[in-house]
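In what follows, a single structure is set out as structure tokens and then discussed.
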Amino acid sequence: MTDITAGRLPAPATDGTAPDVTKPPLDTEEAERSADEALGLKLGTTTRTEIDDYTRLMRGQVALFASVVREGGGVDAQGSWLEADQLLGRGPADDCLVFAAWSYVRDLARLLRRLVAEHGEQLASRAQALPDDSCPVTPKEPAGDRCTDPAPPCVSTPEHAPAPVASER
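In short: position in the sequence shown from 1, add 1131, done, that's this note's numbering.
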């Protein structure tokens, strides 16, 4: 059984400064894989200990992704976080039927899939919100190769040519 991995922790600083505490990236592939495995558990052939192991794994990953999605903001993110909070708070008892534990781990896996998808959407929307570093084109000039092969600054273009002086007229 694999553990929840969110990346490596920052190395301790040796020069007396604080370590970089930026959050490591979440392992979305691992979360999707473990959710698929949990959804693939068969009721008649899976033991209760296997279901409990997957339940612990799913609970940890759901809590991790729910907190990250909630920080991403939005009404949908708040709804997903509330659903995760309620689902994590009502886990089955130790003496419940195997069907109840199996059903609960499947609910966790479905929620984890949705949280991973919302996390991906949040990352994509942040990437689109970044400014475009491409070369700006003025409305009067064609896009052409101006960005890849600009004219040297000493060469004047017809639009920006200096006005002729009195002796040139």
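Backbone N, C-alpha and C fix where the C-beta goes; we use that ideal spot for every residue, glycine too.
Residue range of the alpha helix (DSSP H) that residue i falls in?
i: D1167; result: 1159-1170
Quick one: residues in its chain with C-beta nearer than 6 Å to the C-beta of residue i, no 5 flanking neighbours on either side, listed in chain order?
i: W1233; result: L1174, I1182
i: R1244; result: A1166
i: Y1185; result: A1169, V1236
Excluding the 5 residues preceding and the 5 following residue i in the sequence, name in chain order all residues of the same chain whose CB lies nearer than 7 Å to its CB.
i: A1238; result: The sequence given here places Asp at residue 1238; Ala does not occur at that position. Answer for D1238: L1218, listed in chain order.
i: L1242; result: V1193, E1214, A1215, L1218
i: A1240; result: A1166, A1169, L1170, M1189
Can you give me the Cβ contacts of residue i inside the same chain, cut-off strictly under 8 Å, excluding the 5 residues immediately before and after it?
i: T1136; result: Reliability fails at T1136, whose pLDDT of 44 lies under 50, so the model's placement of it is uncertain and no value is given.
i: H1250; result: L1157, T1159, F1196, V1199, V1200, G1203
i: W1212; result: A1197, S1198, V1200, R1201
If you reduce the DSSP assignment to three classes, tell me which class residue i lands in.
i: T1180; result: helix
i: D1207; result: helix
i: R1257; result: helix
i: V1328; result: Residue coverage of the chain in this structure runs from 1132 to 1300, which leaves residue 1328 outside it and unanswerable.
i: D1225; result: coil
i: V1296; result: coil
i: A1149; result: Model confidence at A1149 stands at a pLDDT of 46, short of 50, so the residue's coordinates are unreliable and nothing is read from them.
i: L1246; result: helix
Original post:
Any chance the region 1218-1228 sits against the region 1203-1210, with 3 or more Cβ pairs inside 8 Å?
Top reply: Contact fails: fewer than three Cβ-Cβ distances are below 8 Å.
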